[in-house]
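In short: position in the sequence shown from 1, add 1, done, that's my numbering.
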Amino acid sequence: MAELTSKPFMADAFPELKKLRRLPETCDKHPTEHLVAMPGQQPFCQLCAIEAKQAADLDFQRQFFERKKHRLTYEVLDRDSIFDDDDDRQRDFTNYEAKDGSEAAKNKQLARHIAGKYLHADYKANTILTGNAGTGKTHLAVSMLRAVNDHINPSVSCLFVSVTSMMELIKDVFGYRAGDYKYTAEYFTRLLGDANLLVIDDLGSESTYRAAAAEATDFVQKTLFGILNRRHGRTIITTNLTMSEMKRIYNTKILSRMLRGVRAEGNVIKFTDATEDKRGDLF
Ligand SMILES: Nc1ncnc2c1ncn2[C@@H]1O[C@H](COP(=O)(O)OP(=O)(O)OP(=O)(O)O)[C@@H](O)[C@H]1O
Ligand SMILES: [Mg+2]
Numbered sequence: 002m003a004e005l006t007s008k009p010f011m012a013d014a015f016p017e018l019k020k021l022r023r024l025p026e027t028c029d030k031h032p033t034e035h036l037v038a039m040p041g042q043q044p045f046c047q048l049c050a051i052e053a054k055q056a057a058d059l060d061f062q063r064q065f066f067e068r069k070k071h072r073l074t075y076e077v078l079d080r081d082s083i084f085d086d087d088d089d090r091q092r093d094f095t096n097y098e099a100k101d102g103s104e105a106a107k108n109k110q111l112a113r114h115i116a117g118k119y120l121h122a123d124y125k126a127n128t129i130l131t132g133n134a135g136t137g138k139t140h141l142a143v144s145m146l147r148a149v150n151d152h153i154n155p156s157v158s159c160l161f162v163s164v165t166s167m168m169e170l171i172k173d174v175f176g177y178r179a180g181d182y183k184y185t186a187e188y189f190t191r192l193l194g195d196a197n198l199l200v201i202d203d204l205g206s207e208s209t210y211r212a213a214a215a216e217a218t219d220f221v222q223k224t225l226f227g228i229l230n231r232r233h234g235r236t237i238i239t240t241n242l243t244m245s246e247m248k249r250i251y252n253t254k255i256l257s258r259m260l261r262g263v264r265a266e267g268n269v270i271k272f273t274d275a276t277e278d279k280r281g282d283l284f
């Protein structure tokens, strides 16, 4: 058994290596490579050991990139979403109750069906949830988003943004030095524009700004257009507005981007007076 001292500096740096002995047996996988062993330990092939180390390094890198991807996709919903009411974060299909045969039950079924379509990352159409206040539009929209976030493979970024909160945050810039404020229109245009599946919650509520200042109308329209123009469908919109109100409030370029694929795909979830305001239950 010859001593492995072909690289004396290695043996100096790692004195233990001097004890490594080369055995007459060769490796099954690398027939020209002799096995080696430390006294009293299992023989091994050095090439196999190097390959195993390289595979472990690759695995480590893969896990690193997977964790990074996870942060950029799966975690977006809980990290970057903007809710009016923090309780809305907890909504999902399991806590959406509906009596058999009711409008709510049919809408829940339809919402599940549409969420299933969004599990295909190349499915582009938008969805509109429309109807009176408190009927469960936001609840169902969050449920769809959570279902997709939890089940789509590979994972994608799913985001929920309340229009009112977004506009409030953009407005709140006053008092900050230029460059110091995070929630600019550009920030939201990028965030919402680039999310794979987006819920725009309570569209129309921001139109109260129109009464306050004429420029705000232009600003709201410009911001919405910037976001929608950057998206290629996959936008779920909740609103109290009827279609004719939407037509009145938004210009045709915005409207056509909001309604992309909605009718053709049957992606309208409509609550009528048949569903009561669930907030009324609280009083
Ligand atoms: N079918 C349901 N099962 C359980 N909770 C419900 C249901 N529908 C609505 N809720 C609850 O009632 C409240 C109001 O619902 P939600 O916020 O979804 O209404 P909305 O249609 O979005 O109203 P708005 O138009 O005012 O935004 C929420 O707390 C929601 O979780
Ligand atoms: Mg709502």
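Beta carbons are placed, not taken as given, at the ideal position from N, Cα and C, and that holds for glycine.
Spatial distance of residue i from residue j (CA atoms)
i      : j      : result
Ser82  : Val162 : 6 Å
Ala217 : Phe189 : In this predicted model, Ala217 has a pLDDT of only 45, less than 50, meaning its place in the structure is not dependable enough to derive any value.
Ala275 : Asn127 : 25 Å
Asp195 : Thr273 : 33 Å
Ala134 : Gln62  : 49 Å
Lys279 : Asp58  : 54 Å
Asp93  : Ala148 : 8 Å
Leu18  : Leu192 : 55 Å
Lys20  : Leu48  : 18 Å
Leu199 : Asn150 : 11 Å
Phe226 : Asp79  : 25 Å
Ala213 : Ala105 : The pLDDT assigned to Ala213 is 45, lower than 50, so where the model puts this residue is not dependable; a value taken from the coordinates is nonetheless given after this. Their Cα atoms are separated by approximately 36 Å.
Leu36  : Asp13  : 22 Å
Asp123 : His233 : 10 Å
Pro40  : Gln64  : 35 Å
Val305 : Glu52  : The shown model of the chain, from 2 to 284, leaves out residue 305, and the question about it has no answer.
Cβ-based burial, residue i [other Cβ within 10 Å; buried from 16]
i      : result
Arg258 : buried
Thr6   : Residue confidence is low: Thr6 scores 48 on pLDDT, short of 50, so the model does not pin down where it sits. No coordinate-derived value is stated.
Asn96  : exposed
Glu207 : buried
Ala50  : exposed
Thr33  : exposed
Tyr357 : Given that the chain is displayed from residue 2 to residue 284, the structure contains no residue 357 and the question cannot be resolved.
Ala116 : buried
Arg68  : exposed
Ala215 : At Ala215, the pLDDT of 41 sits below 50, so the modelled position is not reliable and the matter cannot be decided from this model.
Leu24  : exposed
Gly1   : For residue 1 there is no data in the structure shown, the boundaries of the chain being 2 and 284.
Segment limits, beta strand (DSSP E) that includes residue i
i      : result
Cys159 : Cys159 to Ser163
Thr128 : Thr128 to Thr131
Ile51  : Segment Gln47 to Leu73 is the alpha helix (DSSP H) holding Ile51; no beta strand (DSSP E) there.
Whole-angstrom C-beta distance between residue j and residue i, which should lie under 8 Å
i      : j      : result
Leu229 : Val164 : Going by Cβ atoms, the distance from Leu229 to Val164 rounds to 12 Å, so no, they are not a contact pair.
Leu130 : Lys138 : 4 Å
Asp202 : Tyr184 : Asp202 to Tyr184, Cβ: 16 Å. No contact.
Endpoints, the alpha helix (DSSP H) within which residue i is located
i      : result
Thr224 : Ala215 to Arg231
Val149 : Lys138 to His152
Lys107 : Glu104 to Tyr119
Glu34  : Taken as a continuous stretch (DSSP letters only), Glu34 belongs to no alpha helix (DSSP H), as it is neither H nor E.
Interface flag, residue i vs chain D, CB-CB below 8 Å
i     : result
Gln91 : Reference to chain D is not applicable here, since this structure consists of a single protein chain.
Worksheet item: Between the segment 102–120 and the segment 132–146, are three or more C-beta pairs nearer than 8 Å?
Response: Touching, yes, given that three or more Cβ pairs across the two stretches are closer than 8 Å.
Worksheet item: Is the segment 69–79 touching the segment 152–160 in the sense that three or more CB pairs, one from each, lie closer than 8 Å?
Response: Result yes; three or more Cβ-Cβ pairs closer than 8 Å.
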